[in-house]
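Protein chains: 4
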Amino acid sequence: MSASDDVLRVAVFGAAGFVGGELLRLLLQHPRVGDVCAVSRSQAGKAWSATHAFARNLDAAPVFVAPDDPAFERADVVFAALGHGESQRSVAALVADDPRLLVDLAADFRIRDPDRYVTAYGAHARPELTADFRYALADVVGADLEGEAKLAAPGCFATATLLGLHPFRGLAMRRPPVSFAVTGSSGSGATPRVGTHHPFRATNFHAYSLEQHRHEAEIGDQLGQWGAAFADCRLLTHSGPFVRGIHATLHFAPAEPVTDPQALLEKAYAGSAFVRVLPEPPELRAVTGTNFAHLHATQQHAGEIVVTVVIDNLVKGAAGQAVQAMNLALGWPETDGLQQLGLAAC
Amino acid sequence: MSASDDVLRVAVFGAAGFVGGELLRLLLQHPRVGDVCAVSRSQAGKAWSATHAFARNLDAAPVFVAPDDPAFERADVVFAALGHGESQRSVAALVADDPRLLVDLAADFRIRDPDRYVTAYGAHARPELTADFRYALADVVGADLEGEAKLAAPGCFATATLLGLHPFRGLAMRRPPVSFAVTGSSGSGATPRVGTHHPFRATNFHAYSLEQHRHEAEIGDQLGQWGAAFADCRLLTHSGPFVRGIHATLHFAPAEPVTDPQALLEKAYAGSAFVRVLPEPPELRAVTGTNFAHLHATQQHAGEIVVTVVIDNLVKGAAGQAVQAMNLALGWPETDGLQQLGLAAC
Amino acid sequence: MSASDDVLRVAVFGAAGFVGGELLRLLLQHPRVGDVCAVSRSQAGKAWSATHAFARNLDAAPVFVAPDDPAFERADVVFAALGHGESQRSVAALVADDPRLLVDLAADFRIRDPDRYVTAYGAHARPELTADFRYALADVVGADLEGEAKLAAPGCFATATLLGLHPFRGLAMRRPPVSFAVTGSSGSGATPRVGTHHPFRATNFHAYSLEQHRHEAEIGDQLGQWGAAFADCRLLTHSGPFVRGIHATLHFAPAEPVTDPQALLEKAYAGSAFVRVLPEPPELRAVTGTNFAHLHATQQHAGEIVVTVVIDNLVKGAAGQAVQAMNLALGWPETDGLQQLGLAAC
Amino acid sequence: MSASDDVLRVAVFGAAGFVGGELLRLLLQHPRVGDVCAVSRSQAGKAWSATHAFARNLDAAPVFVAPDDPAFERADVVFAALGHGESQRSVAALVADDPRLLVDLAADFRIRDPDRYVTAYGAHARPELTADFRYALADVVGADLEGEAKLAAPGCFATATLLGLHPFRGLAMRRPPVSFAVTGSSGSGATPRVGTHHPFRATNFHAYSLEQHRHEAEIGDQLGQWGAAFADCRLLTHSGPFVRGIHATLHFAPAEPVTDPQALLEKAYAGSAFVRVLPEPPELRAVTGTNFAHLHATQQHAGEIVVTVVIDNLVKGAAGQAVQAMNLALGWPETDGLQQLGLAAC
């Protein structure tokens, strides 16, 4: 899992999707990555620029390669940005016998409890592999990721919600917290669908999957891993008329009142490279295109806490966090390649 | 309060704002309204079309008049779309001695409990007048509004939340319901501000006023008026990157489990002219520009109910509901002038 | 083509598309239309509301019918909102032997010159039928449409451009006018595509079909029909990040200078029901959802004229103009069912 | 104008505006800039983060300083992002006696011909200073900027239009080219106005300043400086419902036909660091947030050329081009600090 030279060769599976594209973008601009191999079954042989508009800005005109391309064998690190359920079939060979760092961005290896997984996603083809993976919520786990070889990058809703719950994990709750979360259209992927058809999405807002607990399973599993003083969190997911980002509003009531919830946030994220605690409810626009998370907490009524969280779903909620996890796993500076600040006029 | 002829003369105070403009638009297209007088202190003497783009479509080129214009005296019905706190000063004369129908769209006369009002809005100049007003949540109160002379039109957040709570008002709750509500930029009014500056708003999402309970006061007051089995509702307000609409997601847990929450919605709104109960979570785009409300309820976990509600903030949440209330007060068909269905391709 | 009673029965072919949906919406609200039959091959038997969100607001739950449904036989008037090339096959039977009013909204019967048609669209299956159709640019042809039985409703780009050129049709030009035109995403139809995928469209702007002269053919053919003093107009088409509307900017240089181009607009559209001449360049938002067109003309440099035009692509540029043409053909008031003014707060 | 060490100290005047903010963002991420001093008269003493959301991501909490702050004296390079007309008063002292590199981003020193300037902008306070400035259209002038001390950074409309005209500058034209150009809302600056009020802008499109030739003056002056074979270009400016970017469509007819206009683009920009010539009309989304320009040319009709250009108005059209010009003036790699590629999923 170490890079033989001071530049790393990286392969990205599923490079034609949105998360794959963001991985390419970030890795190309990473100071320690020297070679990026984009693997895509559907686009093999075609130019990146046909799929990813940003690639029109490159000097070179790189092309996607097939999974059996020799460039993949040469890679020092592998990112897998495949569909949920696909990773367990496609990347299994990379787990048992392959010492290289693998960062998987699907849901397949995020959930330790097999029952939770099956309830949320159905049967798992290789459940025994899950134990090899470390859940890489980078801003919480931090340097403990160093030396890990198999990482499961968290989902975007789980990242936003868990960052908000982490500072309060030791508190018993009078009832499960509720996370009211909104995602942009890029969360639905690169394939055009009814729900992301511009005439329908541009001015729309709606809830979805209110009874489907996929992301709740991931959050609940992690609360269990943490040994949190509460077992569950309700997640209410919504689609908003913007392209990028997750906004989560958490409402909960600790068994013992908390008088200064901001202080708990500040303590939990003191010295954090990417998590900022703000004096006002955060704005999505401030983190768009970046690996930063902004949080705020307040007491609404006596004993009730409201935490608000914003992240970019594709960076902090996917590709950025995965690169951060790679940095931490390899013992590199956590911020390498991830210091884009966001645009000024938005 | 009756119209001497079969066409009504209507005056709109505060006609240069967004709610005022929507009132003008709806009243101009109302089959029983023959004359619409637009009163605006700031725009008196100027053309409607300088303020309201839709007025460029009119054959005529009407102008705003000042509050002391004789047209106001001749009006059969008065709508007041003034700022909160302004109504109590400006329309007081219309209350005590004036038998004409007055529909006030500010917060001034919505809250019966003086303490709640003062806590939320500060001192009231004429608190004794509030008792003369009927809270006109038109789809709930319905024909009971007939003959009323002074109506307080509900706020947009309160309308969305109360429509969602009404079917469950008889149920004791294990804790106060939480309403996560999102508004479009038109809710902030016609005056440009930082929060509605296009470069900042177009891709943004954020919570606001998390500790400020103005709209909670209105909701709580109404729950009290209803004699609901629960006293309070938490309201968490958010700004979304769309122009029109309110989406509210209500989460609550009745003391006694409810197995079929949709059935309660259907029962409460059977035969309703404007409230539709849908089999899926509603979409904001379906009600934009209309007086309709769409609702859906589901059980998320055993004993926990999620209700989702969409309305157009300026129609059902303001001008449309006010016109509907006028129709009901005058004994006219509830749907007169309010039958626009919304656009097909959005 | 006359309605036997005072309410008309209307059938809409292709009712599941965006133009079809707008026809349904407008016809449902038309005071002289009593029955609307929505024909869709793909959606036959399914509820309108599954396709058209606005239909969730209806009391009833109408369903689409198949083309062989008897309701079609009973219809007094037929609208065809089919794909280009499909009309010439599907509605041919309605032309020769069927005296009913047919309004076709495809390109199939808009272009009188067969060579122009073939160059732009390829071979025509029934070119001999074109002579039966009248090109229904309603705001220009007006009452001359009365008694016509077969109407070809103009395309959206052609409508915007021709409304701008009409007042100047008698002037020789030093070179062909150029129309720089922008359309919203609803112009690409109801089927999700890459170009209307929200993540790609929401912040995008680009030109397309710069060498493809389909709409130029329609415009040029009409200039010929008019006997205009110039034969051609260049059309440069663009996609903008909005849902509805066409904005066209025309730049041209008459052979003889025109000192007051606004006066020519005002003269051409004096007394027009739907065309407004404004003192400033028009704004798209003022006509969204309406059948109105706004125009403005100015002299940029000595001898060069700039005309700007806005319309809603699906109303004035499609369904609204088609209903207006029906009104005119049947000798009804031109504005019946088309008086929606647009929303105030946008 | 040289930096004494290998890190440069830079001051930005007008740092609280959008262009100022983008300068801060780019300079903070520039590998050779060690210190960025943000000067703002109105915000002096306040945190950057109160004005610029991106600054919430910084570790530190920098504050704006007043113009008389000693940090300004220490700066090696000065950028002025002041309002048009303000630079000629405020930065004059930096011109005559101050050898430091000054990059001015206002219109004040862009136009060499005093008559053109006065016609477009009114009287100039210090017209004699203009001769000291070099017009820094970086992708055209390139290494010729090395050693220059006073640079006038081009305007955004002029940049887009001139990049499109440059490859054709040697060709006589049958008439002045026409540039139809569209800008996003960030082009109107950070102060909320009616034209950038979200409810009005979100779905709007309109032309403006059709008779006002400010940007034409800049373009025409530059054509003169170039000794181009044509003297003028018409500019028709429009506002679109997006935040960032300029799209320009140029239509012109050379006196001698050009059969392969793409070849001229490719020749003119061979080896360019930031200009890409694409096989299809470019899309705005591909350059958002970057310093890249994308161009395409095609022949529409025999002898008529259409060139399309996209840039980010605040980067390539302002701050990015200014930093690029600094790099070139100082003899540094042109791309330093400017290699952001844009986001993948948009």
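Chains as they are written, first to last, in this note's numbering: chain A, 11 to 356; chain B, 11 to 356; chain C, 11 to 356; chain D, 11 to 356. Virtual Cβ for every residue (Gly too), placed ideally from N, Cα, C.
Between residue i and residue j, is the Cβ-Cβ spacing less than 9 Å?
i                : j                : result
Ala303 (chain C) : Val320 (chain C) : yes
Phe252 (chain A) : Pro251 (chain B) : yes
Ala163 (chain B) : Asp114 (chain B) : yes
Tyr145 (chain C) : Arg122 (chain C) : yes
Tyr279 (chain D) : His248 (chain D) : no
Asp322 (chain D) : Gly255 (chain D) : yes
Gly230 (chain A) : His40 (chain A)  : no
Ala200 (chain D) : Ala355 (chain A) : yes
Arg185 (chain C) : Ala312 (chain C) : no
Ala71 (chain B)  : Phe167 (chain B) : no
Ala364 (chain B) : Leu175 (chain B) : Past the edges of chain B, shown from 11 to 356, lies residue 364 (chain B), and the structure says nothing about it.
Leu33 (chain A)  : Phe74 (chain A)  : no
Leu305 (chain A) : Val333 (chain A) : no
Pro177 (chain D) : Thr206 (chain B) : no
Do you know whose CA, among the options, lies nearest residue i's CA?
i                : options                               : result
Ser282 (chain C) : B:Asp69, B:Ala65, B:Glu156            : B:Asp69
Thr171 (chain A) : A:Tyr131, A:Ala217, A:His225          : A:His225
Arg244 (chain A) : A:Leu260, A:Glu266, A:Arg254          : A:Leu260
Arg136 (chain D) : D:Val150, D:Ala130, D:Phe119          : D:Phe119
Gly55 (chain D)  : D:Asp78, D:Leu246, D:Leu324, D:Leu112 : D:Asp78
Lys30 (chain C)  : C:Ala328, C:Phe284, C:Arg286          : Reading the sequence as shown, one finds Gly at residue 30 (chain C) and not Lys. Ranking the options by Cα distance to Gly30 (chain C), first place goes to C:Ala328.
Do you know how far the Cα of residue j is from the Cα of residue i?
i                : j                : result
Leu274 (chain D) : Asp154 (chain D) : 21 Å
Phe190 (chain C) : Val297 (chain D) : 22 Å
Leu338 (chain C) : Thr308 (chain D) : 42 Å
Ala116 (chain D) : Ala76 (chain D)  : 20 Å
Pro343 (chain A) : Leu18 (chain A)  : 14 Å
Glu158 (chain B) : Glu83 (chain B)  : 20 Å
Gly352 (chain A) : Leu324 (chain D) : 13 Å
Pro289 (chain D) : Leu294 (chain A) : 35 Å
Val151 (chain C) : Tyr127 (chain C) : 22 Å
Val46 (chain B)  : Leu111 (chain C) : 38 Å
Ile315 (chain C) : Phe210 (chain D) : 27 Å
Gln222 (chain B) : Glu228 (chain B) : 12 Å
Asp241 (chain C) : Gln232 (chain C) : Residue identity check: residue 241 (chain C) is Ala in the sequence provided, not Asp. For Ala241 (chain C) and Gln232 (chain C), the distance between alpha carbons rounds to 9 Å.
Ser12 (chain D)  : Val87 (chain D)  : For Ser12 (chain D), the pLDDT reaches just 40, beneath the cut-off of 50, and the residue's location in the model is therefore unreliable, although a value from the coordinates is still provided. Between Ser12 (chain D) and Val87 (chain D), the C-alpha separation is close to 9 Å.
Ser195 (chain A) : His208 (chain C) : 7 Å
For residue i, count neighbouring Cβ atoms within 10 angstroms of its own Cβ and tell me buried if that reaches 16, exposed if not.
i                : result
Gly299 (chain D) : buried
Thr193 (chain C) : buried
Val20 (chain D)  : buried
Val188 (chain A) : buried
Arg99 (chain B)  : exposed
Ser97 (chain D)  : buried
Ser52 (chain D)  : exposed
Thr269 (chain D) : exposed
Glu182 (chain A) : In the sequence on display, residue 182 (chain A) carries Ala and not Glu. By the 10 Å Cβ count, Ala182 (chain A) comes out exposed.
Run down chain F in chain order and give the residues with a C-beta less than 9 Å from the C-beta of residue i.
i                : result
Ser195 (chain C) : Among the protein chains in the structure shown, which are A, B, C and D, there is no chain F.
Which of the residues in the segment 247-264 of chain D, read from start to end, lie with their CB under 8 Å from any CB of chain C?
His248, Gly250, Pro251, Phe252, Val253, Arg254, Gly255, His257, Thr259, His261, Ala263
Near-chain D residues of the segment 281-300 of chain A - C-beta to any C-beta below 7 Å
Arg286, Leu288, Glu293, Arg295, Ala296, Gly299, Thr300
Under 7 Å (Cβ pairs) to chain D, residues found in the segment 326-337 of chain C
none
Contact residues within the segment 70-104 of chain C, judged by C-beta distance below 9 Å to chain B
none
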